[in-house]
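Data first, discussion second: the structure below is written as structure tokens.
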Amino acid sequence: MSAQFEFAAAPKARTPYFVVSPRRVLSEILSKGWVESTVPFVAFLCVIFGVGLTSHGYFTIDNLRNLALYGSDGGLVVLALFVVVAAGGIDLSVGSNFAMSAFAALYCFHVLNLPVPIVLAASLASGAAVGVVNGALAGLAGCGALLTTLGTMITVRGVYTLASQGQLVAISSSARTDEVWDWIGSERVLGVPVNFWALILVAVAVLVMFRQSRFGWHVLAVGGNRKAARHGGIRVKATIFLAYTLGGVIVGLAGFLYAARENAVASDTGVGMEFFALTALVVGLGGFVPGRGSTVAVLIGFATIYILNNALLNAGLRGDFVQLAMGAILIVILSIDTKFRKHKHRLLASTYVDPVAFEVDAVAGAKGLLPGEIAAKLAGADILAAGLIDGPEDVILDADDHLFCGTRDGRLVRIAAPGYDEVETFAQIGGRPLGLALDREGRILVCVAGMGLVRVDRQRQVELLTDQTQRSLFTIQDDTTIRMADDLDVAPDGTIYFSDATKRYDIESWGLDLLEGRPNGRLLSWDPKTRKTRTVCDNLVFPNGVCLTHDGRHLLVASTWTCSLLIFDLADMRAGPRVFVHGLPGYPDNVNRASDGGYWIALAGMRNPVTDLAMRFPGVRRRMTRAVAPTHWLFGNLNIGGVLKIDAAGRVVDAYWDEPGGPLYMITSMREHKGALYLGGVTNNKIGRIRLAAADPSWTGPASYWGKAER
Amino acid sequence: MTDATANAAVPMGRKARRSLLEPIVLGVALALIVLFSTTIPGFASLGNLSVILSNSTSLVILACGMAVVVISRGLDLSQIAAMVAGATTFSTLINAGLPAAAALALAVLAMALIGFVNGWLIAFVEIPAMLATLATAMFMTGLFRFGVLRGDYLLILPKSNPAVVFFKSDLLPGLTAPVALMIVALVVTGLVLRFSTTGRIIYGMGDNFQAARLSGLPVRNTIVFVYVYSALAALLAGLVIASASGTVDFRIVTNGSLLFEVILVVVLGGIPLRGGRGGVRNLLVGAALIAVLRNGMTLYDFSTQTQDMLKGVILMAAIFVDNYLNPRDAETDTAGDL
Numbered sequence: 001m002s003a004q005f006e007f008a009a010a011p012k013a014r015t016p017y018f019v020v021s022p023r024r025v026l027s028e029i030l031s032k033g034w035v036e037s038t039v040p041f042v043a044f045l046c047v048i049f050g051v052g053l054t055s056h057g058y059f060t061i062d063n064l065r066n067l068a069l070y071g072s073d074g075g076l077v078v079l080a081l082f083v084v085v086a087a088g089g090i091d092l093s094v095g096s097n098f099a100m101s102a103f104a105a106l107y108c109f110h111v112l113n114l115p116v117p118i119v120l121a122a123s124l125a126s127g128a129a130v131g132v133v134n135g136a137l138a139g140l141a142g143c144g145a146l147l148t149t150l151g152t153m154i155t156v157r158g159v160y161t162l163a164s165q166g167q168l169v170a171i172s173s174s175a176r177t178d179e180v181w182d183w184i185g186s187e188r189v190l191g192v193p194v195n196f197w198a199l200i201l202v203a204v205a206v207l208v209m210f211r212q213s214r215f216g217w218h219v220l221a222v223g224g225n226r227k228a229a230r231h232g233g234i235r236v237k238a239t240i241f242l243a244y245t246l247g248g249v250i251v252g253l254a255g256f257l258y259a260a261r262e263n264a265v266a267s268d269t270g271v272g273m274e275f276f277a278l279t280a281l282v283v284g285l286g287g288f289v290p291g292r293g294s295t296v297a298v299l300i301g302f303a304t305i306y307i308l309n310n311a312l313l314n315a316g317l318r319g320d321f322v323q324l325a326m327g328a329i330l331i332v333i334l335s336i337d338t339k340f341r342k343h344k345h346r347l348l349a350s351t352y353v354d355p356v357a358f359e360v361d362a363v364a365g366a367k368g369l370l371p372g373e374i375a376a377k378l379a380g381a382d383i384l385a386a387g388l389i390d391g392p393e394d395v396i397l398d399a400d401d402h403l404f405c406g407t408r409d410g411r412l413v414r415i416a417a418p419g420y421d422e423v424e425t426f427a428q429i430g431g432r433p434l435g436l437a438l439d440r441e442g443r444i445l446v447c448v449a450g451m452g453l454v455r456v457d458r459q460r461q462v463e464l465l466t467d468q469t470q471r472s473l474f475t476i477q478d479d480t481t482i483r484m485a486d487d488l489d490v491a492p493d494g495t496i497y498f499s500d501a502t503k504r505y506d507i508e509s510w511g512l513d514l515l516e517g518r519p520n521g522r523l524l525s526w527d528p529k530t531r532k533t534r535t536v537c538d539n540l541v542f543p544n545g546v547c548l549t550h551d552g553r554h555l556l557v558a559s560t561w562t563c564s565l566l567i568f569d570l571a572d573m574r575a576g577p578r579v580f581v582h583g584l585p586g587y588p589d590n591v592n593r594a595s596d597g598g599y600w601i602a603l604a605g606m607r608n609p610v611t612d613l614a615m616r617f618p619g620v621r622r623r624m625t626r627a628v629a630p631t632h633w634l635f636g637n638l639n640i641g642g643v644l645k646i647d648a649a650g651r652v653v654d655a656y657w658d659e660p661g662g663p664l665y666m667i668t669s670m671r672e673h674k675g676a677l678y679l680g681g682v683t684n685n686k687i688g689r690i691r692l693a694a695a696d697p698s699w700t701g702p703a704s705y706w707g708k709a710e711r
Numbered sequence: 001m002t003d004a005t006a007n008a009a010v011p012m013g014r015k016a017r018r019s020l021l022e023p024i025v026l027g028v029a030l031a032l033i034v035l036f037s038t039t040i041p042g043f044a045s046l047g048n049l050s051v052i053l054s055n056s057t058s059l060v061i062l063a064c065g066m067a068v069v070v071i072s073r074g075l076d077l078s079q080i081a082a083m084v085a086g087a088t089t090f091s092t093l094i095n096a097g098l099p100a101a102a103a104l105a106l107a108v109l110a111m112a113l114i115g116f117v118n119g120w121l122i123a124f125v126e127i128p129a130m131l132a133t134l135a136t137a138m139f140m141t142g143l144f145r146f147g148v149l150r151g152d153y154l155l156i157l158p159k160s161n162p163a164v165v166f167f168k169s170d171l172l173p174g175l176t177a178p179v180a181l182m183i184v185a186l187v188v189t190g191l192v193l194r195f196s197t198t199g200r201i202i203y204g205m206g207d208n209f210q211a212a213r214l215s216g217l218p219v220r221n222t223i224v225f226v227y228v229y230s231a232l233a234a235l236l237a238g239l240v241i242a243s244a245s246g247t248v249d250f251r252i253v254t255n256g257s258l259l260f261e262v263i264l265v266v267v268l269g270g271i272p273l274r275g276g277r278g279g280v281r282n283l284l285v286g287a288a289l290i291a292v293l294r295n296g297m298t299l300y301d302f303s304t305q306t307q308d309m310l311k312g313v314i315l316m317a318a319i320f321v322d323n324y325l326n327p328r329d330a331e332t333d334t335a336g337d338l
């Protein structure tokens, strides 16, 4: 063929350096995991500023030390409740348990005159005992946690009052002093009260437990979804039991520290503590959230409530007002949290699709070849492997004439020549295999949506070559993962060029990318020598088929939604793409070489004037995705499509259309091989074949790329 | 098929799934009566019976409200706070010289508002019932102590006020006003549960909330109704308690033991906490046990703490047995289902 293409003469294709959209920023922030943790942090800052502004000299070293000294046991109780709540329970008995443990410590120290380590052990045991009862009833027996712990709360309070009434005099009249006891109660290490060190230690232990330990993960799993945890083989009941017991032990430690500091208990010790701890926890977690192990957030919540509480009392407000304030805070945070949690995904869904005005070039260059103007040649295609495969997005034939294609269930299958009626699984890959290519050694390279770039050698060994690229600048969402690897080709030097069609949608929702009409895709390369992945060109509009030109110097990339073909210069990829063909009558998918020096372009569907018009009005599309059921969306015409033949200069020279009635639908790929064209379609369950009268009957793809003498 | 479904939908007509707890508790109560009659002189007298009756009026009235909430698969932990708040509102108003009827009307409005807020938070904001009522209990107690009592725990009622006198008086010979009010509360609760459309919806919600919602029943409004009902029951109980003692004492909120007894009455009577089952008869059985137990323990001269302790143990045993007799479906319960 005589036609030649002048790269330098083609118009440059516009690819933006970055995409700015407030809606996208919002939706990407919303989809971040840390969004919910901002609530306690903001509350904390508000309280700090509020207190700092209204009371003079609050944040002095002395006062902070005081706060640390008196706050530690409260902090421990919050952590105890946190452990229980993380496992999906609740513990109202922490206040009574706290008083009981403090009493146990005082009794052992002042009345029984036991050494301090044993006193500590007694406190912990007292706390653990209540935890064991709670755990046995709420965990092992599966009773309702709230009522069970309400029961232990009342019972333990009764026991505590009975026991302490008899011993108060003996405790308060005891003159025993002990160095270790006093050191624990009131000394400082490195300027920080011993009490507070205990809180720090426990907090770190809990943090490590939830992050690193098997038990911690089990607790979070059980709290997150009990059924799933059970089905995952976690011993749910034992885990809940242990969580309550651990909570009890931590409360026991808090009681011990309190006893060492105060040397006294009163009838109202620990009364209302469960409400305080619950409020702190709800503020910290931004709601009542089982199965979340964010220790730091809980500590921030505790600090917020503790400082607020303390500052309100300092300001001369009475306990009843503090109670009122705490109740109000609890209600407000619970309300915000429940509503936010419920509507977050809706907000996300309604902001995620972010259409932009988008002009598609008018249909050009295919006059006289459009559907209806010529016969639908694909209606008479031979059908191969009908019903034996599912979704061959791409097809390829090797030097021995065997046919390969990917299937929807993640396999690469081989359909043996010459009958092409037996299908065998060549390799189990997983993901959704799409584009295929053969390298110099005859290995099959596969683009797998949801995975990345995969290589299958002749021994059927599957190797994942890459699944990530560099992160692009100015993005909130981490886009290092290759989301929808679509098609590829191999340059003469072995570098693999492949397209990542969209960074924002998974393969099931590729249609939304059309409605968005933004440049969400990118062209990537993988270098076999360095095994490095590089983003060659970012911000392309749905880059789909990739094909090396016959001379091996340029690379064709189909840009589906712009209905055009871009061309890159392999010698200077940085210069960006130029437009090779524009104004196609349909949406181009894969592009492959033809035996006469031209190229085949699969058109998955046809443009229609309504969709083209809608592309110019982003508001219409956005409202449509929100208000109209997906089955009624305006979309391209997928009932008809086919294959276009272009020459080396990009002029359309022939067209093979399918018919709405089949037998082939939505052609996404075609390969010429020995005078026939093999056709694959992403939704087909068969492969089509038509004879090409004018084609070179000996031409094959592998020979065209790597020469006939190979292998 | 249609017959079977129709039968299953009638909450009172069930036979196979009747609570086993009820006969057990009834047996225990009878055994206790026999035990106390033989060991405590004067227990089985008519005088003691009327003491038991009048001592348990407020408890039964509260339990009426709680039962309705529990049957709808909710829980009202703010009931005692509402009771005290209601009594405070009423007392403050008559102390301020308002006629009793006006004070009562305002107190009813205030309590309906409190119940509405509870119900609204649960039905429309969708906060889990336990957390919502826990929070409103805190808020309400704080609000009334701060705003009305100015930090005090106690509010003294004028004993000579005709309204106060009415709540202590005998309506008929042998029938005191509190007992009459208790009977009224029981009858109204029974009628609402058994014969009203709302009652049917309450059973439906308790049995299967999602099914009730998806079949188009007005579940949200019913939730609001249930909590308003509970708050009004609390007001009635508050008036009875306050008139009897001449004071409104906020400490019964903080020590939690009355709330506990109310739940005890409901659970012991055989109304499962999962909701959907039970009725006024269960309430009576539960109340009988608690009243007899309370009376007996007092006659034995047990201290309040010992009584609390014993009742705590009994509640835990009851929860355990209830759980055993009405087990949760392990496949459908999720975390947060407290």
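Residue numbers (UniProt numbering), protein chains in the order written: chain A, 1 to 711; chain B, 1 to 338.
Glycine residues also receive a C-beta, built at the ideal position from the N, C-alpha and C atoms.
| Item | Value |
| --- | --- |
| Would you identify the three-state DSSP class for A602 (chain A), choosing helix, strand or coil? | strand |
| Could you tell me whether the Cβ atoms of G327 (chain A) and A82 (chain B) are closer together than 7 Å? | no |
| I183 (chain B): buried (16+ other C-beta within 10 angstroms of its C-beta) or exposed? | exposed |
| Closer than 8 Å by C-beta to L30 (chain A): which residues in its own chain qualify, once you throw out the five before and the five after it? Chain order, please. | K344, L347, L348 and T351 |
| Could you check which residue in A:V202, A:G605, A:T475 and A:A170 has the C-alpha nearest to that of Y17 (chain A)? | A:T475 |
| 7 Å is my cut-off, CB to CB: does S335 (chain A) come that close to chain B? | yes |
| DSSP three-state call for S509 (chain A): helix, strand or coil? | helix |
| For the 8 Å Cβ check, are there 3 or more pairs between the stretch 525-536 of chain A and the stretch 34-42 of chain A? | no |
| Could you check whether the Cβ of I127 (chain B) sits closer than 7 Å to any Cβ belonging to chain A? | yes |
| Mind the definition here: the stretch 201-217 of chain B touches the stretch 293-305 of chain B only if three or more C-beta pairs lie below 8 Å; say whether that holds. | no |
| Report the neighbours of V313 (chain B) on chain A: residues whose CB is nearer than 7 Å to its CB, in chain order. | T155 |
| Could you tell me which chain A residues have their CB closer than 9 Å to the CB of I24 (chain B), listed as they occur along the chain? | Those do not exist, as I24 (chain B) stays about 17 Å from chain A at its closest Cβ, beyond 9 Å. |
| Expressed to the nearest angstrom, what Euclidean distance is found between the alpha-carbon atoms of M140 (chain B) and N48 (chain B)? | 36 Å |
| Distance cutoff 7 Å, beta carbons only. Does D308 (chain B) sit that close to anything in chain A? | yes |
| With 7 Å set as the bound, which would you pick, yes or no: does the beta-carbon of F43 (chain B) sit closer than that to a beta-carbon of chain A? | no |
| Contact between the stretch 92-99 of chain A and the stretch 144-159 of chain A: three or more CB pairs below 8 Å? | yes |
| In the structure shown, what three-state DSSP assignment does W699 (chain A) receive? | coil |
| Determine the direct distance from the alpha carbon of A649 (chain A) to that of residue 742 (chain A), and round the result to whole angstroms. | Given a span of 1 to 711 for chain A in the structure shown, any question on residue 742 (chain A) remains unanswerable. |
| Between the stretch 83-100 of chain B and the stretch 234-244 of chain B, are three or more C-beta pairs nearer than 8 Å? | yes |
| Hey, quick one: how far does the beta strand (DSSP E) through S475 (chain A) stretch, first residue to last? | Reading off the sequence shown, one finds Thr at residue 475 (chain A), where the question assumed Ser. No beta strand (DSSP E) contains T475 (chain A), which DSSP labels as neither H nor E. |
| Who are W561 (chain A)'s beta bridge partners in DSSP? | Bridge partners of W561 (chain A): none, in fact. |
| Do L242 (chain A) and G142 (chain B) have their C-beta atoms within less than 7 Å of each other? | no |
| Going by other Cβ atoms of all chains shown within 10 Å of its Cβ, with 16 needed for buried, is C46 (chain A) buried or exposed? | exposed |
| Roughly how many angstroms lie between the CA atoms of E463 (chain A) and I389 (chain A), to the nearest whole one? | 23 Å |
| If you follow the alpha helix (DSSP H) that H673 (chain A) is part of, which residue opens it and which one closes it? | Careful: H673 (chain A) lies outside any alpha helix (DSSP H), inside the beta strand (DSSP E) at I667 to H673. |
| Would you kindly work out how many angstroms separate the C-alpha atoms of A364 (chain A) and G287 (chain A), rounded to a whole number? | 59 Å |
| Measure from the C-beta of I290 (chain B) to each C-beta in chain A and report whether the shortest distance is under 7 Å. | no |
| Does any residue of chain A bring its CB to less than 7 Å from the CB of N323 (chain B)? | yes |
| Leaving out five residues before and five after A238 (chain A) in sequence, what residues of the same chain have Cβ atoms less than 7 Å from its Cβ? | none |
| Let me know the secondary structure DSSP gives I61 (chain A) once reduced to three states. | helix |
| How many angstroms separate the CA atom of L26 (chain A) from the CA atom of T562 (chain A)? | 27 Å |
| Sort B:A112, B:S91, B:P99 and B:S169 by Cα distance to V148 (chain B) and report the nearest one. | B:S91 |
| In this structure, does DSSP put Q344 (chain A) in helix, strand or coil? | It is worth fixing the name first, because residue 344 (chain A) is Lys in this sequence and not Gln. Helix, per DSSP. |
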